[in-house]
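Novice: Have a look at this one before I ask anything.
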Ligand SMILES: Cc1ncc(COP(=O)(O)O)c(C=O)c1O
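In our numbering, the protein residues as written are 1300 to 1691.
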């Protein structure tokens, strides 16, 4: 057990200090990278004991403790029962684990706009396990609450991918709790520095660690955090039995990336707010979505419940004669030189893509919507490149 120095510290300090080894003379300041598929073990297996590295792996523990310290509050001791972190081989593996909580024939309430592969998986579960799906506008609190009756699980994304809708977290999570049903918040876009859904009543927080937490577009990883020990045991068992496990090196890299999350996210959010402000006045931009903009539908709520507005922007270019909207949006992607034309988000490098190029994206997402993941480069360089691409 390490001593967790996170108690009472600001999240910007927690990302640096959580999950470190115990302080001993000559000891390591960073967790080491243990590479083991199995552990010395004999006799009856007791819970909490390391035996086989698919069930539990000490390479995961420092990162899992850091996540608990972050999601359960800066006053939490990530070591001592504040909550449990469960790292997965990808964000999708974490989504699959929470969907497995819904019984055959049960009901899930889902955002109509949410990470598309998660929605494809939900459709498969509907078809194969008779689960009813109720898709809602997650920003429409009355519609969400009305959909909860008789449901087993509420999945929330806020802000949503890619439409950036903002849910009233206390209201919808409180309503789910009042009905005795489970709620899960995908906190990938906001990060624990932007909001802590467990404090608003969520049972589980989900991350695609691939994105901001790891932050360098070099690993694929997921995680869940919960305060409910029984639920944690169920989710861990799912991970073990489905083999949805993370590699030690990926987890080590994620913790290394997490150390700079506060700096990276602060810069990325500031860049995004500045770019959104300029894009809103750009003659070649028909629509821009970012919760920082006073006129954005999610602005008031994000201001009230988030720390910052995130670093993802939605942009629709002004049409051009002779080009259909898809060709026009694709032409912008083709014209960038600094921004990377790529999927994914949350890395230090800025990237953009037209979301509907994925055939599985919701049809209610405009075909010409560009999703911009704003990185930490100099904002003037980002602006010049976007401006020339929009005018090209
Ligand atoms: C909001 C959100 N949740 C979950 C995922 C899935 O995560 P992964 O790609 O790590 O499996 C993604 C991936 O883009 C995402 O954007």
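Using N, Cα and C, we set each Cβ at its ideal position, and we do this for glycine too.
Just so you know, these numbers come straight off a predicted model, no measurement behind them.
At a threshold of 8 Å, does residue 1490 count as lining ligand 1 (C-beta to nearest heavy atom)?
Specialist: No, the Cβ of residue 1490 stays beyond 8 Å of every heavy atom of ligand 1.
Novice: So, residue 1388 versus residue 1562, is the Cβ gap smaller than 9 Å?
Specialist: Taking 9 Å as the Cβ cut-off, residue 1388 and residue 1562 do not qualify as a contacting pair.
Novice: Between which two residues does the alpha helix (DSSP H) holding residue 1387 run?
Specialist: That residue, residue 1387, is in no alpha helix (DSSP H); its beta strand (DSSP E) goes 1383-1387.
Novice: For residue 1408, tell me which candidate among 1472, 1627, 1352 and 1358 has the shortest Cα-Cα distance.
Specialist: It is 1472.
Novice: Hey, how far is the Cα of residue 1476 from the Cα of residue 1485?
Specialist: In a straight line, the C-alpha of residue 1476 is about 17 Å away from that of residue 1485.
Novice: Write down the C-beta distance between residue 1664 and residue 1412 rounded to the nearest angstrom, noting that I regard them as a contact closer than 8 Å.
Specialist: The pair is a contact, with the Cβ atoms about 6 Å apart (cut-off 8 Å).
Novice: Using beta-carbon positions only, say whether residue 1504 and residue 1604 come within less than 9 Å of one another.
Specialist: No; because the gap between Cβ atoms is not below 9 Å, this pair is not in contact.
Novice: In the DSSP assignment, find the unbroken alpha helix (DSSP H) run with residue 1573 in it and report its ends.
Specialist: Element bounds for residue 1573: 1560-1579.
Novice: Give a single yes or no on whether residue 1391 has its beta carbon closer than 8 Å to a heavy atom of ligand 1.
Specialist: Yes, Cβ of residue 1391 sits closer than 8 Å to a heavy atom of ligand 1.
Novice: Determine the direct distance from the alpha carbon of residue 1427 to that of residue 1676, and round the result to whole angstroms.
Specialist: In a straight line, the C-alpha of residue 1676 is about 45 Å away from that of residue 1427.
Novice: Quick one: does the C-beta of residue 1482 sit closer than 8 Å to a heavy atom of ligand 1?
Specialist: It does not: the Cβ of residue 1482 is nowhere closer than 8 Å to a heavy atom of ligand 1.
Novice: Which two residues bound the contiguous beta strand (DSSP E) that contains residue 1614?
Specialist: Element bounds for residue 1614: 1611-1616.
Novice: Is it the case that the Cβ atoms of residue 1632 and residue 1612 are separated by a distance below 9 Å?
Specialist: No; because the gap between Cβ atoms is not below 9 Å, this pair is not in contact.
Novice: Given that a residue counts as buried once 16 or more other Cβ atoms are within 10 Å of its Cβ, and exposed if not, what is residue 1498?
Specialist: Exposed is the call here.
Novice: Pairing CB atoms from the stretch 1478-1493 with CB atoms from the stretch 1330-1341, are three or more of them under 8 Å?
Specialist: Contact between the stretch 1478-1493 and the stretch 1330-1341 is absent, because fewer than three Cβ pairs lie under 8 Å.
Novice: Is the distance from the Cβ of residue 1614 to the Cβ of residue 1671 below 9 Å?
Specialist: Cβ distance < 9 Å, so residue 1614 and residue 1671 count as in contact.
Novice: By the three-class DSSP mapping on this structure, what secondary structure does residue 1312 have?
Specialist: It is helical.
Novice: Regarding residue 1413 and ligand 2, is the C-beta to nearest heavy atom distance less than 8 Å?
Specialist: Within the structure as shown, ligand 2 is missing, the only ligands being ligand 1.
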